[in-house]
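*Asks:* Handing you a structure now.
Number of protein chains: 2
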Amino acid sequence: MAVQLEEVARREFQLPDMMLQSGQWLRNAVLVYETFGTLNEQKDNAILVCHALTGDSHAGSTSGNPGWWDGLIGPGKALDTDRYFMICANVLGGCSGSSGPASVNPADGKPYGMRFPVVTIRDMVQAQYYLVKSFGIDRLFSVIGGSMGGMQVYEWAVSYPQMMETYIPIATCTRFSSMGIAFNNVMKQAILNDPDWHNGDYYGRSFPEKGLNLARRLGMITYRSFELYEERFGLSMVSSDDPYAMESQFQVEQYLSYQGSKLVKRFDANSYLYLLKSMDLHDISRGRAPYESVLEQIEAKSLMIGIDSDFLFPASEMVGTYELLKAKEKSVEYREIRSVYGHDGFLIEFEIMNEWVGGFLEKNR
Amino acid sequence: MAVQLEEVARREFQLPDMMLQSGQWLRNAVLVYETFGTLNEQKDNAILVCHALTGDSHAGSTSGNPGWWDGLIGPGKALDTDRYFMICANVLGGCSGSSGPASVNPADGKPYGMRFPVVTIRDMVQAQYYLVKSFGIDRLFSVIGGSMGGMQVYEWAVSYPQMMETYIPIATCTRFSSMGIAFNNVMKQAILNDPDWHNGDYYGRSFPEKGLNLARRLGMITYRSFELYEERFGLSMVSSDDPYAMESQFQVEQYLSYQGSKLVKRFDANSYLYLLKSMDLHDISRGRAPYESVLEQIEAKSLMIGIDSDFLFPASEMVGTYELLKAKEKSVEYREIRSVYGHDGFLIEFEIMNEWVGGFLEKNR
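Just so you know, the protein sequences line up as chains H and Z, in that order. Using UniProt numbering, count along the first sequence one by one with no gaps and you end on 365. Using UniProt numbering, count along the second sequence one by one with no gaps and you end on 365.
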C-alpha cells in the first residue's frame, strides 16, 4: 500500500485544535483539499462537494487527471466551473492527505494507527466548516454528496442550518441502517482477521492486503445491483479454468478480486476501519434532540436523489425522510434515478443527475 | 469444531461407486439419512426433503429433538407424518454424517480435506436417487426443499422426470445468480484467508474458526431483509460500550458474531467451501441442452414458492422460471410469501407454507 501523491492542485489546510464528538481532542490535524472554478467577489457561489468512503479531494478534473465526479463538475455541467466554485476536501480520518490513522502522531512522531481518535461524520463536517470559513465564505450556495458524502450533507444541513442556501443528498441517509452496520461489520472483521493487521500497527511492515481486499469485494457487491451482475457477468467462468476444480473461478469472482487488489494499492486499511465506524455512528440526532425535532432545525432548500436499485441505501428510506421534511413544510424535492447500477449510480448516472442538479441549482441562484 | 452424533434415528446408506458430474469417481461414500412417518405398502407416499447449506438430515422431530423443518413436518402438518413418509439425507459433501471433505479417504486413512472431489447439486441428487431406490420406491410423491434444497428439487425434476408426482421448490433457482456467486466468493475467501485453514489440512489441528465465523456472518445478512434488521436491532448499541470507542459494538454486530460462533461448533469449514462450490456450479442446463429445452424435460406438477423480501433468490427470478414453464404448458403454480424475514422465510413462515404445501399435496393425492 502506498498512497500516491500526485501532481495536482491539492492544498493543505491546518485545522485548529478540535474537540471531537466523542469529547476527545484532535490537535495539529490537516485537511487536504482541491477547488474547481473561481470564487466570486460576493463569495456566494461556493459549493462544497463531499466524498464517499474511498473517495478523495480530487472530485473534478485538473490537467487531464479525471476526478471521481468528473461527469458532474466542469464547464457547462451541473457543478459548472464557469459559474460555481467547488471545494472538495479529503475527510478527516481519510488517507488521501487529510489527517487519519496513517498520519504521524505529533506527540511521539509515530503513526497513530488505532490511537487515532474515532471521528464521526459530524467531526468531518466541523473540519470542513473551518476550511469553508478560511475562504471568507459565510454561506455556501450548496452542499452536495452521495453515500457517505451524503451523510455529511445531512449533517451540514443540521449542524449549520444558516450556512447554506441548498443541500443535495444523494443515495444516502440521515442515520445509518442496521443492515448497513451489519455489512460494515463483515468488512471490518475481514481486516481484523488478517494476521498482518497487527492491531493496526502495521506501518513499515506488511500491509494487511488480504483483509482489505476481502472487505472491498463485499463493498463492491453492495454497491451494485442483482440485475447488473446478471447482465455483466452472468454465469461465465474464467475460460481457462476447469469448472469442476475447487480453484476454478467465475468471471464475477475475478472481477471482485481485481477490485480488491486495486483498492489495497491506494487505500489504508486503518482508514477504512475508521470510516466504517463513522458511517456506523452516523445519526443526525445522536446526542441532540429526538430525531424529528432535529429535522425541524433544517432551513436550506433541498433536492434529494434516491436510486431505485440501491439496496444499501434503499430509495424507500430516502422517501421516508422526504415525507417527514415535507410534513414539516420544509422546501424539499425528491427525485429517483432509475438505474441498473444500484448504489454506485451516483458515480455513473451523470446524464440525469446533470439535468436535475443543474436545474435545481439554476432555479435557486 | 466437533460434529456431534446425537441419539436420533439416523441411518447410514452405503452408496455405490459413483461417477460424478466432473467425471471423477467417488468410492465408498455414504449418506446419512432420517425418515419421518411410514412408507405405505404401495410405496407411493414418499416425499424427499432436501436441506439447505447448513442443514442436515434432521428435518423433523424425533424424541423431543426438534428438526429444522419441524413447523412443516408432523401429524396434521403439510408434510403429515400420519399420511406421508419423509426421507431427508445429509447432502454429499456435507459434514453431518454423509461423506464429505472431513471424511476419511479410504485410500490412505486420512481425512480428504481438499482432496475430496468437487460435488455438484446434480451429484447430491444422484446419491439421493440411490437412497430412494433402496427403499423400493419407484416414484416419489413429492420432492421439496428451500434454498440449496430447492436447487436439488429442480435437479430432481430434470434428472428423473418420471420419478416424481410433484415437486416444490422454495426460495430458490434453476441456476445460481452472479450476485449469489459473488457473495459466495466473499464467504469462501473469508475461510481461505484464515491462517488456520492450512489449505484444508487442519484436521487434528486448530480449526479455522475466524474464517468460518466471518463467512457465516455474511450469510446471516443475506438470509434476512433490510426491514427485519431495522425492526429487530435498529441502531441499538451494546449498552455497556462507549459508542465512541473503536471496539464498541452495535447489537446487530453482537448478533452476527454470536451466529458465527454457533456455526463453527457444528459445521466443517471445508464442507462449507464444497457446498458453496456446488451452489456456484448449479445450473440445470450445465452440460445438457440449452436452458429452455432442459425445462421442457420436466414432467411433474409443481408448486413454486417465492418470498417477496428475498434478495439472494429474488422472487422475480422465480416468477421468470414459472412463466417459462407455464408457456411450455407445464402444470405449475406460483405463490409468493409476504414476509419481513427475507430468504430465511422458508424456515420461519410455517403457517402460510402449511396451507399452500398441504393443500397442493392433498389436491394431487
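From the three backbone atoms N, C-alpha and C, an ideal C-beta is built for every residue, glycine too.
Identify the continuous beta strand (DSSP E) that holds Val49/H and give its terminal residues.
*Replies:* That run of the beta strand (DSSP E) goes 46-50.
*Asks:* Output the boundary residues of the alpha helix (DSSP H) element that contains Leu214/H.
*Replies:* Leu214/H -> alpha helix (DSSP H) spans 209-222.
*Asks:* What does Cys88/Z pair with, by DSSP beta-bridge criteria?
*Replies:* Bridge partners of Cys88/Z: Glu34/Z, Val49/Z.
*Asks:* Report the residues of the segment 186-212 of chain Z with a CB closer than 8 angstroms to any CB of chain H, ordered along the chain.
*Replies:* Listed in sequence order: Val186, Gln189, Ala190, Asn193, Asp194, Pro195, Lys210, Gly211.
*Asks:* Suppose only complete runs of 3+ residues qualify. What are the beta strand (DSSP E) ranges in the segment 134-169 of chain H, listed by chain order?
*Replies:* Runs of the beta strand (DSSP E) inside the segment 134-169 of chain H: 140-146.
*Asks:* Output needed for Ser206/H: all residues of its chain with C-beta closer than 6 angstroms, excluding positions within five of it in sequence on either side, in chain order.
*Replies:* Excluding positions up to five away in sequence, the list reads Asp196.
*Asks:* Measure from the alpha carbon of Arg27/H to the alpha carbon of each residue in Val357/H, Leu324/H, Asp283/H, Pro106/H, then state which is nearest.
*Replies:* Of the candidates Val357/H, Leu324/H, Asp283/H, Pro106/H, the one whose C-alpha sits nearest the C-alpha of Arg27/H is Pro106/H.
*Asks:* Interface residues of chain H around Val118/Z at Cβ under 8 angstroms?
*Replies:* Within chain H, the residues near Val118/Z are Tyr244, Ala245, Met246.
*Asks:* Which residues, in order along the segment 19-30 of chain H, keep a beta-carbon less than 9 angstroms from a beta-carbon of chain Z?
*Replies:* From the segment 19-30 of chain H, only Leu20, Gln21, Ser22, Gly23, Gln24 have a Cβ closer than 9 angstroms to chain Z.
*Asks:* Thinking C-alpha only, which one of Lys188/Z, Gly204/Z, Gly219/Z, Asn193/Z is nearest Met246/H?
*Replies:* It is Lys188/Z whose Cα lies nearest to the Cα of Met246/H.
*Asks:* What number of angstroms, rounded off, separates the C-alpha of Leu256/Z from the C-alpha of Arg216/H?
*Replies:* Those two C-alpha atoms are separated by around 19 angstroms.
*Asks:* Using 9 angstroms as the threshold, is the C-beta distance between Leu325/H and Ser302/H below it?
*Replies:* Against a cut-off of 9 angstroms, the Cβ pair of Ser302/H and Leu325/H comes out as a contact.
*Asks:* Could you pull out every residue in the same chain whose Cβ sits closer than 6 angstroms to the Cβ of Thr166/H, ignoring the five residues on either side in sequence?
*Replies:* Cβ within range, chain order: Ser142, Ala300, Lys301, Asn364.
*Asks:* Would you report the Cα separation of Tyr274/H and Leu295/Z, rounded to the nearest angstrom?
*Replies:* Whole-angstrom Cα-Cα distance: 50 angstroms.
*Asks:* Does any residue of chain H have a CB that is nearer than 9 angstroms to the CB of Met114/Z?
*Replies:* With 9 angstroms as the cut-off, Met114/Z counts as an interface residue toward chain H.
*Asks:* By Cβ distance, which residues of its chain are closer than 6 angstroms to Leu263/H, with the 5 residues on each side in sequence left out?
*Replies:* Excluding residues within five positions, the ones whose Cβ falls inside 6 angstroms are Arg216.
*Asks:* Straight-line CA distance for Leu20/H to Thr120/H?
*Replies:* The straight-line gap from Cα to Cα measures roughly 8 angstroms.
*Asks:* Quick one: using the 10 Å Cβ neighbour count with 16 as the cut-off for buried, is Leu5/H buried or exposed?
*Replies:* Only weak support exists for where Leu5/H lies, its pLDDT of 40 falling under 50; the value from the coordinates is given anyway. Leu5/H comes out exposed.
*Asks:* Using a beta-carbon distance cut-off of less than 8 angstroms, what residues from the segment 165-187 of chain Z approach chain H?
*Replies:* Answer set for the segment 165-187 of chain Z: Arg175, Phe176, Ser177, Ser178, Met179, Ile181, Ala182, Phe183, Asn185, Val186.
*Asks:* Assuming Ala89/Z and Leu131/Z form a contact by the criterion Cβ under 8 angstroms, report the distance between their Cβ atoms to the nearest whole angstrom.
*Replies:* About 6 angstroms separates the two Cβ atoms, so the contact holds.
*Asks:* Is the beta carbon of Ser309/H closer than 9 angstroms to that of Glu231/H?
*Replies:* Not in contact: Glu231/H and Ser309/H (Cβ atoms no closer than 9 angstroms).
*Asks:* Val91/H to Ala127/H, Cα distance in whole Å?
*Replies:* Using only the alpha carbons, I get a separation of about 8 angstroms.
*Asks:* Mind listing the chain H neighbours of Gly234/Z? Cutoff is C-beta to C-beta under 8 angstroms, in chain order.
*Replies:* Simply Ser178.
*Asks:* To which residues of the same chain is Lys265/Z closer than 6 angstroms at the C-beta, ignoring the five residues directly before and after it?
*Replies:* Excluding sequence neighbours, Lys265/Z sits near nothing in its chain.
*Asks:* Under a Cβ-count criterion, where at least 16 other Cβ atoms within 10 Å of its own Cβ denotes burial, should Gln249/Z be classed as buried or exposed?
*Replies:* Classification for Gln249/Z: buried.
*Asks:* For the segment 283-314 of chain Z, list every residue whose C-beta sits within 7 angstroms of some C-beta in chain H, in sequence order.
*Replies:* Within the segment 283-314 of chain Z, the residues whose Cβ lies closer than 7 angstroms to some Cβ of chain H are Asp283, Phe311, Pro314, listed in chain order.
*Asks:* I need the straight-line Cα distance from Gly200/Z to Glu155/H, nearest angstrom please.
*Replies:* Taking the straight line from one Cα to the other gives about 48 angstroms.
*Asks:* Per DSSP, what kind of secondary structure is Arg286/H in: helix, strand or coil?
*Replies:* Coil at Arg286/H, not helix or strand.
*Asks:* Thinking Ala102/H and Ile305/H are a contact (beta carbons under 8 angstroms), I'd like their distance in whole angstroms, please.
*Replies:* Not really, about 33 angstroms apart at Cβ, beyond 8 angstroms.
*Asks:* Determine whether the Cβ of Met151/Z lies closer than 9 angstroms to any Cβ atom of chain H.
*Replies:* No, Met151/Z does not count as interfacial toward chain H.
*Asks:* Using the Cα positions of Met220/H and Gln259/H, report the straight-line distance between them to the nearest angstrom.
*Replies:* Straight-line Cα distance between these residues: approximately 8 angstroms.
*Asks:* So, with DSSP's three-state summary, where would you put Asn105/Z?
*Replies:* Reduced to three states, the DSSP call for Asn105/Z is strand.
*Asks:* Could you tell me the distance, in whole angstroms, from the CA atom of Glu253/Z to the CA atom of Asn185/H?
*Replies:* When rounded, the distance between both Cα atoms is 6 angstroms.
*Asks:* Considering only the beta carbon of each residue, do Tyr291/H and Arg175/H sit closer than 9 angstroms?
*Replies:* A contact, by the Cβ cut-off of 9 angstroms.
*Asks:* Reducing DSSP to helix, strand and coil, say where Glu6/Z ends up.
*Replies:* Here the model assigns Glu6/Z a pLDDT of 42, short of 50, so the residue's position is not dependable, and the following value carries that caveat. Three-state result, Glu6/Z: coil.
*Asks:* Does the distance from the CB of Ala46/Z to the CB of Met86/Z come in under 9 angstroms?
*Replies:* Cβ distance < 9 angstroms, so Ala46/Z and Met86/Z count as in contact.
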